[in-house]
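Here is the structure we will look at.
In the numbering used here, the protein residues as written are 12 to 340.
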(Lines of atoms letter the chains of each structure in order from A; the text may use other names.)
(Lines give C-alpha, C1' and ligand atoms only; values in the text may rest on other atoms or scores of the structure.)
Protein backbone atom coordinates (compact mmCIF):
# COMPACT_ATOMS: atom_id res chain seq x y z
CA UNK A 12 0.00 0.00 0.00
CA UNK A 13 1.33 3.42 -0.96
CA UNK A 14 2.43 5.63 1.90
CA UNK A 15 0.39 8.80 2.54
CA UNK A 16 3.71 10.67 2.34
CA UNK A 17 4.62 9.37 -1.12
CA UNK A 18 5.30 12.31 -3.39
CA UNK A 19 4.53 14.84 -0.65
CA UNK A 20 6.69 17.89 0.00
CA UNK A 21 7.89 17.87 3.59
CA UNK A 22 10.02 20.19 5.73
CA UNK A 23 11.94 18.89 8.75
CA UNK A 24 13.31 21.64 10.98
CA UNK A 25 16.26 20.52 13.09
CA UNK A 26 16.63 17.74 10.54
CA UNK A 27 20.35 17.21 11.12
CA UNK A 28 19.74 16.49 14.78
CA UNK A 29 18.90 13.25 16.53
CA UNK A 30 15.16 12.82 16.11
CA UNK A 31 14.91 15.09 13.06
CA UNK A 32 17.35 13.02 11.01
CA UNK A 33 15.47 9.85 11.87
CA UNK A 34 12.20 11.50 10.80
CA UNK A 35 13.82 12.60 7.54
CA UNK A 36 15.08 9.08 6.85
CA UNK A 37 11.66 7.56 7.48
CA UNK A 38 10.05 10.08 5.13
CA UNK A 39 12.57 9.39 2.38
CA UNK A 40 11.83 5.68 2.75
CA UNK A 41 8.15 6.48 2.26
CA UNK A 42 8.73 8.41 -0.95
CA UNK A 43 8.48 11.99 0.35
CA UNK A 44 10.39 14.95 -1.09
CA UNK A 45 12.23 16.10 2.02
CA UNK A 46 13.78 19.47 2.79
CA UNK A 47 15.86 19.80 5.95
CA UNK A 48 16.35 23.16 7.63
CA UNK A 49 18.94 23.25 10.40
CA UNK A 50 20.88 26.15 11.89
CA UNK A 51 23.76 23.92 13.02
CA UNK A 52 24.14 25.99 16.19
CA UNK A 53 27.04 24.64 18.23
CA UNK A 54 25.92 22.35 21.02
CA UNK A 55 22.37 21.80 19.77
CA UNK A 56 22.92 18.39 18.17
CA UNK A 57 23.06 19.00 14.42
CA UNK A 58 25.45 16.53 12.80
CA UNK A 59 25.75 16.06 9.01
CA UNK A 60 26.79 12.45 9.60
CA UNK A 61 23.23 11.73 10.76
CA UNK A 62 22.01 11.91 7.15
CA UNK A 63 25.08 10.60 5.34
CA UNK A 64 23.07 7.66 3.96
CA UNK A 65 20.32 9.89 2.50
CA UNK A 66 22.32 13.04 1.69
CA UNK A 67 21.69 12.77 -2.05
CA UNK A 68 17.95 12.29 -1.49
CA UNK A 69 17.19 15.41 0.54
CA UNK A 70 17.60 19.17 0.20
CA UNK A 71 19.50 20.76 3.08
CA UNK A 72 19.18 24.43 4.03
CA UNK A 73 21.53 25.67 6.71
CA UNK A 74 19.68 28.60 8.21
CA UNK A 75 18.02 29.88 11.36
CA UNK A 76 14.22 29.84 11.69
CA UNK A 77 14.44 33.43 12.87
CA UNK A 78 15.56 34.43 9.35
CA UNK A 79 12.04 35.20 8.20
CA UNK A 80 12.71 35.32 4.46
CA UNK A 81 14.50 31.98 4.46
CA UNK A 82 11.84 30.39 6.64
CA UNK A 83 9.07 31.81 4.47
CA UNK A 84 10.67 30.30 1.40
CA UNK A 85 11.25 26.98 3.14
CA UNK A 86 7.62 26.53 4.25
CA UNK A 87 6.20 27.47 0.86
CA UNK A 88 4.40 24.59 -0.81
CA UNK A 89 5.11 22.11 1.99
CA UNK A 90 2.29 19.76 2.90
CA UNK A 91 3.83 18.59 6.18
CA UNK A 92 6.24 20.30 8.57
CA UNK A 93 7.96 18.35 11.33
CA UNK A 94 9.16 21.01 13.73
CA UNK A 95 12.07 19.63 15.76
CA UNK A 96 14.29 22.71 15.88
CA UNK A 97 15.52 24.15 19.16
CA UNK A 98 17.76 23.20 22.04
CA UNK A 99 16.90 20.79 24.84
CA UNK A 100 19.51 21.40 27.52
CA UNK A 101 17.90 22.24 30.84
CA UNK A 102 21.20 23.36 32.38
CA UNK A 103 21.98 25.61 29.39
CA UNK A 104 18.53 27.16 29.65
CA UNK A 105 19.21 28.16 33.25
CA UNK A 106 22.68 29.52 32.48
CA UNK A 107 21.56 31.41 29.37
CA UNK A 108 17.79 31.89 29.44
CA UNK A 109 17.77 34.53 26.71
CA UNK A 110 19.29 32.16 24.18
CA UNK A 111 16.88 29.41 25.19
CA UNK A 112 13.97 31.76 24.63
CA UNK A 113 15.33 32.71 21.22
CA UNK A 114 15.80 29.10 20.11
CA UNK A 115 12.71 27.58 21.69
CA UNK A 116 10.14 30.37 21.47
CA UNK A 117 11.01 33.05 18.95
CA UNK A 118 12.19 30.51 16.38
CA UNK A 119 8.88 28.64 16.49
CA UNK A 120 6.83 31.82 16.41
CA UNK A 121 8.79 32.78 13.29
CA UNK A 122 7.92 29.44 11.68
CA UNK A 123 4.24 29.75 12.55
CA UNK A 124 4.11 33.30 11.21
CA UNK A 125 5.73 32.14 7.98
CA UNK A 126 3.01 29.51 7.65
CA UNK A 127 0.28 32.08 8.42
CA UNK A 128 1.57 34.38 5.71
CA UNK A 129 2.62 31.85 3.08
CA UNK A 130 1.23 28.39 3.72
CA UNK A 131 -1.82 27.89 5.94
CA UNK A 132 -2.51 24.46 4.49
CA UNK A 133 0.57 22.79 6.01
CA UNK A 134 0.19 20.27 8.84
CA UNK A 135 2.73 20.86 11.62
CA UNK A 136 3.97 18.32 14.14
CA UNK A 137 5.79 19.95 17.06
CA UNK A 138 8.17 18.08 19.37
CA UNK A 139 7.36 19.18 22.92
CA UNK A 140 8.52 17.53 26.14
CA UNK A 141 7.30 15.92 29.34
CA UNK A 142 9.31 18.61 31.17
CA UNK A 143 6.29 20.89 30.86
CA UNK A 144 4.77 19.00 33.82
CA UNK A 145 7.69 19.65 36.17
CA UNK A 146 7.78 17.51 39.32
CA UNK A 147 4.95 15.06 39.00
CA UNK A 148 2.09 14.98 41.47
CA UNK A 149 1.16 11.45 40.33
CA UNK A 150 2.61 8.70 38.14
CA UNK A 151 2.30 8.23 35.27
CA UNK A 152 1.43 11.77 34.20
CA UNK A 153 -1.43 12.13 31.75
CA UNK A 154 -2.27 15.20 29.66
CA UNK A 155 -4.50 16.55 32.46
CA UNK A 156 -1.59 16.78 34.90
CA UNK A 157 -0.88 20.37 36.08
CA UNK A 158 1.77 22.18 34.05
CA UNK A 159 4.54 23.53 36.28
CA UNK A 160 8.00 23.40 34.61
CA UNK A 161 11.02 23.49 36.89
CA UNK A 162 13.38 25.20 34.45
CA UNK A 163 13.50 27.79 31.67
CA UNK A 164 13.64 25.14 28.95
CA UNK A 165 10.36 23.63 30.14
CA UNK A 166 8.71 27.07 30.25
CA UNK A 167 9.87 27.91 26.74
CA UNK A 168 8.82 24.53 25.32
CA UNK A 169 5.39 24.99 26.87
CA UNK A 170 5.12 28.48 25.35
CA UNK A 171 5.97 27.11 21.89
CA UNK A 172 3.47 24.30 22.37
CA UNK A 173 0.77 26.86 23.21
CA UNK A 174 1.70 28.98 20.17
CA UNK A 175 1.13 25.96 17.92
CA UNK A 176 -2.26 25.43 19.54
CA UNK A 177 -3.30 29.05 19.03
CA UNK A 178 -2.28 29.07 15.37
CA UNK A 179 -4.30 25.88 14.91
CA UNK A 180 -7.45 27.26 16.53
CA UNK A 181 -7.27 30.88 15.35
CA UNK A 182 -5.52 30.72 11.98
CA UNK A 183 -6.53 27.21 10.88
CA UNK A 184 -2.95 25.97 10.59
CA UNK A 185 -3.33 22.34 11.58
CA UNK A 186 -0.87 21.29 14.27
CA UNK A 187 -0.26 18.61 16.85
CA UNK A 188 2.20 18.57 19.75
CA UNK A 189 3.85 15.46 21.16
CA UNK A 190 5.24 15.58 24.69
CA UNK A 191 8.25 13.31 24.42
CA UNK A 192 9.72 11.27 27.22
CA UNK A 193 13.41 10.21 27.24
CA UNK A 194 14.19 9.30 23.63
CA UNK A 195 17.29 7.31 22.73
CA UNK A 196 18.89 5.63 19.72
CA UNK A 197 21.23 6.28 16.80
CA UNK A 198 22.05 9.92 16.12
CA UNK A 199 22.09 11.37 19.63
CA UNK A 200 24.41 14.19 20.54
CA UNK A 201 27.32 12.87 22.59
CA UNK A 202 29.78 15.76 22.59
CA UNK A 203 28.60 16.87 26.03
CA UNK A 204 26.28 15.70 28.80
CA UNK A 205 23.80 18.57 28.80
CA UNK A 206 21.17 17.01 26.52
CA UNK A 207 19.89 14.01 28.44
CA UNK A 208 21.70 11.45 30.50
CA UNK A 209 21.06 8.27 28.52
CA UNK A 210 23.13 9.39 25.51
CA UNK A 211 25.96 10.35 27.85
CA UNK A 212 25.75 7.00 29.65
CA UNK A 213 25.96 5.21 26.28
CA UNK A 214 29.02 7.24 25.31
CA UNK A 215 30.75 6.49 28.61
CA UNK A 216 30.13 2.76 28.34
CA UNK A 217 31.36 2.62 24.73
CA UNK A 218 34.51 4.58 25.66
CA UNK A 219 35.14 2.58 28.84
CA UNK A 220 34.53 5.51 31.19
CA UNK A 221 32.87 5.30 34.58
CA UNK A 222 29.26 6.52 34.77
CA UNK A 223 28.24 8.94 37.52
CA UNK A 224 24.64 8.47 38.66
CA UNK A 225 23.32 11.53 40.48
CA UNK A 226 21.35 11.11 43.69
CA UNK A 227 20.74 7.60 44.97
CA UNK A 228 19.91 6.00 41.61
CA UNK A 229 16.36 5.07 42.59
CA UNK A 230 14.80 7.73 40.34
CA UNK A 231 12.31 6.11 37.96
CA UNK A 232 12.11 7.01 34.27
CA UNK A 233 10.62 5.63 31.06
CA UNK A 234 12.21 5.61 27.61
CA UNK A 235 11.23 5.48 23.94
CA UNK A 236 13.41 4.13 21.17
CA UNK A 237 13.65 6.71 18.40
CA UNK A 238 11.91 4.54 15.77
CA UNK A 239 8.80 4.44 17.95
CA UNK A 240 8.88 8.23 18.32
CA UNK A 241 9.19 8.63 14.54
CA UNK A 242 6.21 6.31 14.06
CA UNK A 243 4.17 8.53 16.39
CA UNK A 244 5.17 11.69 14.53
CA UNK A 245 4.22 10.31 11.15
CA UNK A 246 0.98 8.96 12.55
CA UNK A 247 -0.20 12.27 14.01
CA UNK A 248 0.85 14.06 10.81
CA UNK A 249 -1.43 11.99 8.60
CA UNK A 250 -4.42 11.58 10.92
CA UNK A 251 -6.97 14.43 11.12
CA UNK A 252 -8.05 13.29 14.60
CA UNK A 253 -4.71 14.63 15.87
CA UNK A 254 -5.31 18.19 14.67
CA UNK A 255 -5.17 20.65 17.55
CA UNK A 256 -4.30 17.95 20.05
CA UNK A 257 -1.48 17.39 22.53
CA UNK A 258 -0.37 13.81 23.18
CA UNK A 259 2.04 12.25 25.63
CA UNK A 260 4.46 9.62 24.41
CA UNK A 261 5.73 7.18 27.00
CA UNK A 262 7.73 4.02 27.40
CA UNK A 263 6.37 0.54 27.99
CA UNK A 264 8.69 0.02 30.96
CA UNK A 265 9.40 2.19 34.00
CA UNK A 266 12.86 1.55 35.41
CA UNK A 267 15.13 2.88 38.14
CA UNK A 268 18.35 4.49 36.95
CA UNK A 269 20.43 1.89 38.80
CA UNK A 270 18.59 -0.89 36.98
CA UNK A 271 18.86 0.96 33.68
CA UNK A 272 22.64 1.20 34.00
CA UNK A 273 22.85 -2.48 34.98
CA UNK A 274 20.87 -3.35 31.84
CA UNK A 275 23.04 -1.11 29.66
CA UNK A 276 26.23 -2.71 30.97
CA UNK A 277 24.80 -6.19 30.44
CA UNK A 278 23.82 -5.37 26.85
CA UNK A 279 27.19 -3.77 26.12
CA UNK A 280 29.18 -6.42 27.95
CA UNK A 281 31.15 -3.83 29.89
CA UNK A 282 30.91 -0.68 31.98
CA UNK A 283 31.10 0.63 35.53
CA UNK A 284 29.35 3.27 37.59
CA UNK A 285 29.32 5.10 40.90
CA UNK A 286 26.57 6.99 42.73
CA UNK A 287 27.42 10.64 43.45
CA UNK A 288 25.59 13.65 44.92
CA UNK A 289 23.70 15.97 42.58
CA UNK A 290 25.60 19.04 41.42
CA UNK A 291 23.88 22.04 43.00
CA UNK A 292 22.52 23.42 39.73
CA UNK A 293 21.09 20.07 38.67
CA UNK A 294 19.46 19.25 42.00
CA UNK A 295 17.30 22.37 41.97
CA UNK A 296 15.70 21.50 38.61
CA UNK A 297 15.61 17.70 38.89
CA UNK A 298 12.07 16.35 38.52
CA UNK A 299 12.50 13.15 40.55
CA UNK A 300 10.45 10.15 39.46
CA UNK A 301 8.83 10.72 36.07
CA UNK A 302 6.84 8.50 33.71
CA UNK A 303 4.20 9.34 31.12
CA UNK A 304 0.74 7.96 30.48
CA UNK A 305 0.35 7.47 26.71
CA UNK A 306 -3.18 6.04 26.82
CA UNK A 307 -4.67 9.08 25.02
CA UNK A 308 -2.66 8.54 21.84
CA UNK A 309 -3.14 4.79 22.17
CA UNK A 310 -6.93 5.14 22.30
CA UNK A 311 -7.16 7.91 19.70
CA UNK A 312 -4.67 6.72 17.10
CA UNK A 313 -3.53 3.25 18.15
CA UNK A 314 0.10 4.18 18.90
CA UNK A 315 2.14 2.38 21.48
CA UNK A 316 5.90 1.76 21.83
CA UNK A 317 6.94 -1.41 20.05
CA UNK A 318 10.64 -1.61 20.90
CA UNK A 319 11.60 -3.05 24.27
CA UNK A 320 14.27 -1.22 26.23
CA UNK A 321 16.69 -4.13 25.90
CA UNK A 322 16.25 -4.43 22.13
CA UNK A 323 16.53 -0.67 21.66
CA UNK A 324 19.74 -0.57 23.68
CA UNK A 325 21.17 -3.47 21.68
CA UNK A 326 20.55 -1.56 18.43
CA UNK A 327 21.94 1.64 19.90
CA UNK A 328 25.16 0.09 21.19
CA UNK A 329 25.64 -1.75 17.90
CA UNK A 330 25.43 1.59 16.08
CA UNK A 331 27.79 3.56 18.28
CA UNK A 332 30.32 0.77 18.57
CA UNK A 333 30.98 1.36 14.86
CA UNK A 334 30.70 5.14 14.51
CA UNK A 335 31.26 6.70 17.93
CA UNK A 336 34.07 8.84 16.50
CA UNK A 337 31.51 10.73 14.40
CA UNK A 338 29.81 11.93 17.60
CA UNK A 339 32.84 13.02 19.64
CA UNK A 340 34.32 16.54 19.75
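Cβ atoms here follow ideal geometry from the backbone N, Cα and C, with glycine treated the same way.
Just so you know, the alpha carbons of residue 20 and residue 74 end up roughly 19 Å apart. Residue 200 is not a Cβ neighbour of residue 258, given a cutoff of 7 Å.
In the same chain as residue 65, and ignoring 5 residues on each side of it, the C-beta atoms closer than 6 Å to its own belong to 36, 39, in chain order. The segment 259-276 and the segment 232-239 touch, with no fewer than 3 CB-CB distances between them shorter than 8 Å. When 241, 146, 202 are compared, the shortest CA-CA separation from residue 191 is found for 241.
Taking 7 Å as the cut-off, the Cβ atoms of residue 130 and residue 86 count as close. Residue range 208-218 is occupied by the alpha helix (DSSP H) that includes residue 212, with no beta strand (DSSP E) assigned at that position. For residue 107, there is no enclosing beta strand (DSSP E), as DSSP marks it with neither H nor E. Your pair residue 167 and residue 112 checks out as a contact, with CB atoms roughly 6 Å apart and the cut at 8 Å. Your pair residue 239 and residue 318 checks out as a contact, with CB atoms roughly 5 Å apart and the cut at 8 Å. For the pair residue 152 and residue 307, the Cα-to-Cα distance works out to about 11 Å. By DSSP's assignment, residue 91 forms a beta bridge with 21, 134.
With three or more CB-CB distances shorter than 8 Å, the segment 271-288 counts as touching the segment 214-229.
According to DSSP, residue 119 shares a beta bridge with no other residue. Ranked by how close their Cα comes to the Cα of residue 247, the residues 311, 294, 297 have 311 in first place. Around the beta carbon of residue 197, 16 or more other beta carbons sit within 10 angstroms, so the residue counts as buried. According to the DSSP assignment, residue 205 belongs to no alpha helix (DSSP H), since it is labelled neither H nor E. Bridge pairing for residue 265: 233 [DSSP]. Contact annotation: residue 95 and residue 31 have beta-carbon atoms nearer than 7 Å. For residue 80, the uninterrupted alpha helix (DSSP H) segment begins and ends at 79-86.
Residue pairing of residue 190 in beta bridges, as defined by DSSP: 139, 259.
Taking a 10 Å sphere around the C-beta of residue 46, we find 16 or more other C-beta atoms and assign the residue as buried.
With contacts defined by Cβ atoms closer than 7 Å, residue 61 and residue 27 form a contacting pair. Residues 101, 104, 105, 296 of the same chain have their beta carbon placed closer than 6 Å to that of residue 162, with the five preceding and five following residues left out of the count. Counted as a single uninterrupted DSSP element, the beta strand (DSSP E) harbouring residue 44 occupies residues 44-49. In the assembly as shown, residue 251 is an exposed residue. Its beta-carbon has fewer than 16 other beta-carbons within 10 Å. Taking the CA atoms as reference points, residue 227 sits about 20 Å from residue 145. Classified as buried, residue 245 has 16 or more neighbouring CB atoms from the shown chains inside 10 Å of its CB. Residue pairing by DSSP places residue 144 opposite no residue, since no beta bridge is assigned to it.
For residue 13, there is no enclosing alpha helix (DSSP H), since its DSSP letter is neither H nor E. In this structure, the straight-line span from the alpha carbon of residue 274 to that of residue 170 is close to 36 Å.
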